[in-house]
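Numbers 1 to 135, taken from this note's numbering, label the letters of the sequence shown in order. Think of the CB as a built atom: it goes at the ideal place given N, C-alpha and C, for glycine as much as any other residue. Here the structure is a predicted model, which is why all the values come from computation and not from measurement. These notes are about the structure you will find just below.
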Amino acid sequence: MGCKVTISEWLAQVDELGMAATQAEPDQQDAYIFAMGRMLSHCPGDFAHARLSDSQDERICAFVGKGAYADAALALLPARSGLMTSCVGQLMACASVRLEGQVGETTATGQTFALAIVSALALSFLDAYAAFALV
């Protein structure tokens, strides 16, 4: 018997994950990728289109197993989303994610591209939900 998470609880968890990923160390990439994957496996209502399929989950595990963290983070992205990455100097990566229905993009930084992608993806759900709420 499991308990169903409300959208506000899910968004609070995604927000916490996104903010923590910006401060995470490179040796924590796998944990953040898997945590985001777990969140995407339980996307509520408005975000059901972003749920991970079994094949996506298998690809993510395979990429992480090979140390291909950026590829694993890319595999988290929903099919109808946009991504732009760049470097902020030599020590920070920057990622901007735009989900389907989102008005603008959400940008975040991290010590690696994978962490920046996880952070921007997580935080983009908050921005997308705000846009849904206004409609």
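{"query": "Taking the beta strand (DSSP E) that R98 falls in, what are its first and last residues?", "result": "M92 to L99"}
{"query": "Short check: CB of S124 to CB of S55, under 9 Å?", "result": "no"}
{"query": "Write down the C-beta distance between S96 and A70 rounded to the nearest angstrom, noting that I regard them as a contact closer than 8 Å.", "result": "Actually they are not in contact, since the Cβ atoms of S96 and A70 sit about 15 Å apart, beyond 8 Å."}
{"query": "Between which two residues does the beta strand (DSSP E) harbouring G110 extend?", "result": "T106 to G110"}
{"query": "For the stretch 13-22 and the stretch 56-66, state whether three or more C-beta atom pairs, one from each stretch, are separated by less than 8 Å.", "result": "no"}
{"query": "Exposed or buried, which one is G18 when buried takes at least 16 other CB atoms within 10 Å?", "result": "buried"}
{"query": "Within a Cβ cutoff of 7 Å, which residues of the same chain sit near A173, ignoring the five residues on either side of it in sequence?", "result": "No statement about residue 173 is possible, as the shown extent of the chain runs from 1 to 135 and does not include it."}
{"query": "Are A50 and L99 touching if we call contact CB-CB under 9 Å?", "result": "yes"}
{"query": "Hey, quick one: how far does the beta strand (DSSP E) through L83 stretch, first residue to last?", "result": "S81 to V88"}
{"query": "On the CB-based measure, 16 or more other CB atoms within 10 Å of its CB, does A112 come out buried or exposed?", "result": "It is Thr, not Ala, that sits at residue 112 in the sequence shown. T112 should be labelled buried."}
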